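In our numbering, the protein residues as written are 62 to 308.
To start, the structure under review is shown below, and the notes come after it.
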Ligand code: IPE
Ligand code: IPE
Ligand code: MG
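Shown next, in the form of structure tokens:
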């Protein structure tokens with residue numbers, strides 16, 4: 062739910078009307094953040110979880126409709142067992158700590174990906190958060206957990222085929238995990254790598270891409286504002302011509 066008025070948005074250097082409806086973030090760089098400080102990788106994940114709090118808050122307050130965050134990819138299952146264990150523990154801790162505030166702020170939580178792979182305690186915590194917030198009217202927060210863009214597309218195509226022998230773009234879109242959040246307007250990746258890593262392949266068809274070297278634990282609202290300002294200056298043509306009527 063939008064909290065800021067137009068003049069408050071302007072005070073942040075933002076342009077009302079040029080706020081992306083759907084923001085997606087590849088929260089990368091936790092491990093390197095920790096290593097650079099001589100800390101174990103788990104400390105980076107913990108710092109990353111802490112960074113998330115204000116980003117969700119701010120995204121909601123500026124009136125974006127959806128925020129989709131990459132927390133754990135299908136490929137991340139290749140990580141050492143102890144790192145996966147730390148991530149699972151942090152997930153449970155995160156939901157237990159944040160759920161009341163998220164709920165109070167009207168955030169609707171949805172996990173995307175195959176949750177059934179996780180230990181039961183993770184599944185139960187995430188499902189409880191989804192149920193509690195299911196009817197909330199505010200920010201749609203999609204958390205990608207054991208998510209892969211290709212797996213999502215295979216699933217959507219199978220379901221579409223089951224419905225109709227001849228699926229089209231609309232039927233496939235309908236069966237994406239993020240169906241009610243629509244296409245991504247702005248995709249942010251922190252951590253310095255410029256790749257998509259199997260995230261939201263369908264939904265980013267016309268997204269504006271923003272890459273920053275800042276590692277996720279250091280990604281503050283000031284960094285998000287930078288990304289939003291950059292987005293506001295982009296000319297989105299969607300394959301058409303300049304919107305100012307250039308002939
Ligand atoms: C992103 O940080 C979080 C997850 C993938 C779970 P990384 O753990 O990939 O951190 P780097 O890329 O190794 O620095
Ligand atoms: C992408 O980061 C996945 C998440 C942030 C959850 P990775 O660190 O897994 O991606 P690669 O391996 O650098 O492509
Ligand atoms: Mg990484």
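From the three backbone atoms N, C-alpha and C, an ideal C-beta is built for every residue, glycine too.
All figures in this text were calculated on a predicted structure; none of them were measured in a lab.
Under the three-state reduction of DSSP output, residue 193 falls in the helix class. Within the same chain, and ignoring the five residues on either side of residue 64 in sequence, the residues whose Cβ sits closer than 6 angstroms to its Cβ are 122. If only complete runs of 3 or more residues are kept, the region 140 to 166 shows no beta strand (DSSP E) anywhere. Bounds of the beta strand (DSSP E) holding residue 201 are 201 to 208. Collapsing the DSSP output to three states places residue 233 in a helix.
A contact is defined here as three or more CB-CB pairs under 8 angstroms, and the region 210 to 221 fails this definition with respect to the region 155 to 167.
Under the 10 Å beta carbon count, residue 88 is surrounded by 16 or more other beta carbons and is classified as buried. About 6 angstroms separates the beta carbon of residue 102 from that of residue 144, a gap short enough to meet the 8 angstroms contact definition. For residue 110, there is no enclosing beta strand (DSSP E); the enclosing alpha helix (DSSP H) has its first and last residue at 102 to 122.
At a threshold of 8 angstroms, residue 287 does not count as near ligand 2, since its beta carbon sits no closer than that to any of the ligand's heavy atoms. Under the 10 Å beta carbon count, residue 203 is surrounded by 16 or more other beta carbons and is classified as buried. By the 16-neighbour rule on beta-carbons within 10 angstroms, residue 72 is exposed. As a beta-bridge residue in DSSP terms, residue 134 pairs with 208.
In its chain, beyond the 5 residues on either side, 232 have a beta carbon closer than 7 angstroms to the beta carbon of residue 225. If you compare the alpha carbons of 218, 133, 167 and 289 with that of residue 151, the shortest gap goes to 133.
Shown here for residue 94: same chain residues with a beta carbon closer than 8 angstroms to its own, the five before and five after excluded, namely 105, 108, 109, 276, 277, 278 and 279 in chain order. By the criterion of a C-beta distance shorter than 8 angstroms, residue 125 is surrounded in its chain by 80, 81, 82, 83, 84 and 200, once the five residues flanking it on both sides are discounted. 9 angstroms or more divides the Cβ of residue 180 from the Cβ of residue 62. Taking the Cβ atoms as the reference, residue 242 lies roughly 4 angstroms from residue 127, within the contact range of under 8 angstroms. The beta-bridge partner set that DSSP reports for residue 271 consists of 249. Take the alpha-carbon of residue 148 and the one of residue 195: they are about 24 angstroms apart.
With a cutoff of 9 angstroms on beta-carbon distance, residue 193 and residue 170 are scored as near each other. DSSP lists 203 as the beta-bridge partner residues of residue 171. Per the coordinates, the alpha-carbon of residue 111 lies some 18 angstroms from the alpha-carbon of residue 186.
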